[in-house]
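Quick notes on the structure that follows.
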Amino acid sequence: MKEEHVWFKNAGFGIMLHFGLYSVLGGEWKGKRMGKTIGEWIQPYFKIPNSEYHKLTQVFNPIFFDAEEWVKLAKNAGMNYFVITAKHHEGFALFKSKVSDFSSVDATPCKRDIISECSIACKKYGMKFGLYYSQALDWSHPDGGGFTAPELNVENMSWTNNWDFPDADKKDYSRCYEEKIKPQVIELLTNYGEVSLIWFDTPYDITEEQATELYNLVKKYQPNCLVNSRISGEIKPDYYSAGDNEIPNDAKTVLYESPATLNDTWGYKTYDENWKDAKLVLKTKKHLNDLGINYLLNIGPDYLGRMPAPAMEILKELAKTKGL
2 MKEEHVWFKN
12 AGFGIMLHFG
22 LYSVLGGEWK
32 GKRMGKTIGE
42 WIQPYFKIPN
52 SEYHKLTQVF
62 NPIFFDAEEW
72 VKLAKNAGMN
82 YFVITAKHHE
92 GFALFKSKVS
102 DFSSVDATPC
112 KRDIISECSI
122 ACKKYGMKFG
132 LYYSQALDWS
142 HPDGGGFTAP
152 ELNVENMSWT
162 NNWDFPDADK
172 KDYSRCYEEK
182 IKPQVIELLT
192 NYGEVSLIWF
202 DTPYDITEEQ
212 ATELYNLVKK
222 YQPNCLVNSR
232 ISGEIKPDYY
242 SAGDNEIPND
252 AKTVLYESPA
262 TLNDTWGYKT
272 YDENWKDAKL
282 VLKTKKHLND
292 LGINYLLNIG
302 PDYLGRMPAP
312 AMEILKELAK
322 TKGL
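Counting with the working numbering, you get residues 2 to 325 for the letters of the sequence shown.
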């Protein structure tokens, strides 16, 4: 096994955080709720035009966001790596970008580089730092991917922004890739110190050549950074991510991880109270670890940058056992 892979093999337990403009809405739009649909998909669920959705930047001001608190909570709970959404499908970046001002730094009252603060906190407390980046879907860009997806997502949600940009025949993902995706990936790899993994997702309309270029860029700028299987269906990854909330029952001989939610959503929803208790989390973790699989447990912070109170209580309960 390669030396840079050893830490992942031994990690066992990690935290994922979905944080973005969807956190402001909390699953509700103009008097309606999403039901059980995952919160970060609120824009396609209600087909919210960018002209309205992007106004959320005016109120994105997570005054209680404290990267050190997030990292310490995770570390005390026995988690060994930290993954945060640098850019989800909505296209909003939690970092300073020269190619897009649709970011927490340039478009919001908070003017904060969330990714920088998380990177610094992870380094301070000895936590492996990872970044989620949506490399194909981008609902803020006219040429964001997903327009050739063979089927809709659950509850008839489009993978691409077809409410603002309905003509799929005119879309060319290569424009999105060159204008935004590739330069932002380079920014993340070069501006935030050591990145231990890149968590790519949903590779609709990215070509094998483009995905290969991204993989090679990761290795060029961060040779020890691991790349997951969701970069593409064609590339041999450094490790494999199971399906969302998929808990395998067979042992794995390759590096493997199961990404799962602590309640039912990835991005924050005010009314999702279906929390897994600490006992169940530990049971699931043991089951996965016995099969050689890491447990990546997701929490969606709220619009003020707070961990939901039940999530904090569960993490504190896990801390009593150090996640064992």
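Don't be surprised by glycine CBs; every beta carbon is placed ideally from N, CA and C.
Using three-state DSSP, classify SER52 as helix, strand or coil. As a working note, residue 52 is residue 51 in the sequence shown. Reduced to three states, the DSSP call for SER52 is helix.
8 Å CB neighbourhood of PRO110 in its chain, flanking five on each side removed: To locate residue 110, count along the sequence shown from 1; it is residue 109. Only residues of its own chain outside the window of five on either side were considered, and among them GLN59, VAL60, PHE61 and ASN62 have a CB closer than 8 Å to the CB of PRO110, listed in chain order.
Does PHE261 come out as helix, strand or coil in the three-state DSSP assignment? Taking the sequence shown and counting its residues from 1, the one referred to as residue 261 is at position 260. Inspection of the sequence shows that residue 261 is occupied by Ala rather than by Phe. Correct three-state label for ALA261: strand.
Whole angstroms is fine: what's the gap from LYS253's alpha carbon to ASN192's? Translated into positions along the sequence shown, residue 253 becomes position 252. Translated into positions along the sequence shown, residue 192 becomes position 191. In a straight line, the C-alpha of LYS253 is about 34 Å away from that of ASN192.
For GLU41, the nearest candidate out of TRP267, ASP291 and PRO311 (CA to CA): Mapped onto the sequence shown, residue 41 falls at position 40. Taking only the C-alpha atoms, the option nearest GLU41 is TRP267.
Count the other CB atoms, across all protein chains shown, that sit within 10 Å of the CB of ASN217; report buried if there are 16 or more and exposed otherwise. For this step, residue 217 is matched to residue 216 along the sequence shown. When all chains shown are included, ASN217 counts as exposed.
In terms of alpha-carbon separation, which member of ASP139, ASP291 and LYS286 lies closest to ILE207? Locating residue 207 in the sequence shown gives position 206, where the first residue counts as 1. Among ASP139, ASP291 and LYS286, the Cα nearest to that of ILE207 is on ASP139.
Helix, strand or coil for MET35 per DSSP? The sequence position of residue 35 within the sequence shown is 34, counting from 1. Coil, per DSSP.
Ignore the nearest five residues each way along the sequence and tell me which others in SER135's own chain have a CB closer than 7 Å to its CB. Counting from 1 along the sequence shown, the entry for residue 135 is found at position 134. So the list reads LYS88, HIS89, HIS90, ASP202 and THR203, once near-sequence residues are dropped.
Considering only the beta carbon of each residue, do PHE20 and PRO302 sit closer than 7 Å? Counting from one through the sequence shown, the residue named residue 20 turns up at place 19. Counting from one through the sequence shown, the residue named residue 302 turns up at place 301. Their beta carbons are under 7 Å apart, which means PHE20 touches PRO302 by this criterion.
Please state whether DSSP places TRP42 in a helix, a strand or coil. For this step, residue 42 is matched to residue 41 along the sequence shown. Note: TRP42 maps to helix in three-state DSSP.
Could you give the C-beta distance for TYR82 and GLY131, rounded to a whole number, given that I count them as a contact under 8 Å? Counting from 1 along the sequence shown, the entry for residue 82 is found at position 81. Counting from 1 along the sequence shown, the entry for residue 131 is found at position 130. Indeed, because the Cβ distance is near 6 Å, the residues count as touching under 8 Å.
Would you mind working out which of ASP168, LEU74, SER52 and GLY28 sits nearest ILE315, comparing C-alpha positions? Position 314 of the sequence shown, counting from 1, holds the residue named residue 315. Nearest option by C-alpha distance: LEU74.
For TRP30, collect the residues of the same chain with a Cβ closer than 7 Å to its Cβ; drop the 5 residues on either side in sequence, then sort them by chain order. As a position in the sequence shown, residue 30 is number 29, starting the count at 1. If we look at TRP30 and ignore the five residues flanking it on each side, its Cβ neighbours are ILE43, PHE47 and ILE49.
Starting from ALA87 and walking both ways along the alpha helix (DSSP H), at which residues does that stretch end? Looking up residue 87 in the sequence shown gives position 86. Where ALA87 is concerned, there is no enclosing alpha helix (DSSP H), although the beta strand (DSSP E) it sits in stretches over 82 to 88.
Proximity of GLY145 and MET80 at Cβ, strictly below 7 Å: On the sequence shown, position 144 is the one that residue 145 refers to. On the sequence shown, position 79 is the one that residue 80 refers to. In this structure, MET80 does not lie closer than 7 Å to GLY145 by Cβ.
Since ILE85 and LEU18 are thought to touch, with beta carbons under 8 Å apart, how far apart are those beta carbons, to the nearest angstrom? Residue numbering aside, residue 85 sits at position 84 when the sequence shown is read from its first letter. Residue numbering aside, residue 18 sits at position 17 when the sequence shown is read from its first letter. Contact flag correct, Cβ pair sits at about 5 Å.
Can you tell me the Cα-Cα spacing of THR262 and LEU298, whole angstroms? As a position in the sequence shown, residue 262 is number 261, starting the count at 1. As a position in the sequence shown, residue 298 is number 297, starting the count at 1. Near 6 Å, if we compare the C-alpha coordinates of LEU298 and THR262.
For VAL25, which beta-bridge partners are listed by DSSP? Stepping through the sequence shown from its first residue, residue 25 is reached at position 24. Per DSSP, none; premise fails for VAL25.
Write down every uninterrupted run of the beta strand (DSSP E) in the region 169 to 221 whose length is 3 residues or greater and which is fully enclosed by it, in chain order. 198 to 201
Mark ASN246 as exposed unless 16 or more other C-beta atoms lie within 10 angstroms of its C-beta, in which case mark it buried. On the sequence shown, residue 246 is found 245 positions in, with the first residue counted as 1. By the 10 Å Cβ count, ASN246 comes out exposed.
In DSSP terms, what VAL228 is bridged to: On the sequence shown, position 227 is the one that residue 228 refers to. According to DSSP, VAL228 bridges with ILE199.
May I have the straight-line CA-CA distance separating LYS317 from ASN275, to the nearest angstrom? If you number the sequence shown from 1, residue 317 lands on position 316. If you number the sequence shown from 1, residue 275 lands on position 274. Each residue's Cα considered, the two are about 18 Å apart.
Backbone secondary structure at SER104 - three-state DSSP: In the sequence shown, residue 104 corresponds to position 103, counting from 1. Of the three classes helix, strand and coil, the one that applies to SER104 here is strand, per DSSP.
Going by the DSSP bridge assignment, what does ALA94 pair with across the sheet? Here residue 94 is taken as the residue at index 93 of the sequence shown, counted from 1. In the DSSP output, where bridge partners are listed per residue, ALA94 has LYS88 and SER104.
Leaving out five residues before and five after GLU69 in sequence, what residues of the same chain have Cβ atoms less than 8 Å from its Cβ? Taking the first residue of the sequence shown as position 1, residue 69 is located at position 68. Within the same chain, GLU69 has close Cβ partners ALA122, LYS125 and TYR126.
Could you check the C-alpha separation between LYS277 and ASP170 for me, to the nearest Å? Here the question's residue 277 lines up with position 276 in the sequence shown. Here the question's residue 170 lines up with position 169 in the sequence shown. Between LYS277 and ASP170, the C-alpha separation is close to 44 Å.
With a CB to CB cut of under 6 Å and the five nearest residues on each side skipped, what residues in its chain are close to LEU26? Numbered from 1 along the sequence shown, position 25 holds the residue referred to as residue 26. The answer, listed in chain order, is ILE43.
Only counting runs of 3 or more residues, tell me where the beta strand (DSSP E) segments fall wholly within the region 265 to 321, in order along the chain. 295 to 300
In terms of DSSP beta bridges, what is SER242 paired with? Residue mapping note: residue 242 aligns to position 241 of the sequence shown, counting from 1. For SER242, which the question treats as bridged, DSSP gives the partners GLU258.
Flag LYS221 as yes when its Cβ comes closer than 6 Å to any non-hydrogen atom of the ligand NAP, and as no otherwise. By its list of ligands, the structure shown contains no ligand whatsoever, and the ligand NAP lies outside what it can speak to.
Going by the beta-carbon positions, is the gap between ALA320 and ALA78 smaller than 7 Å? Locating residue 320 in the sequence shown gives position 319, where the first residue counts as 1. Locating residue 78 in the sequence shown gives position 77, where the first residue counts as 1. In this structure, ALA78 lies closer than 7 Å to ALA320 by Cβ.
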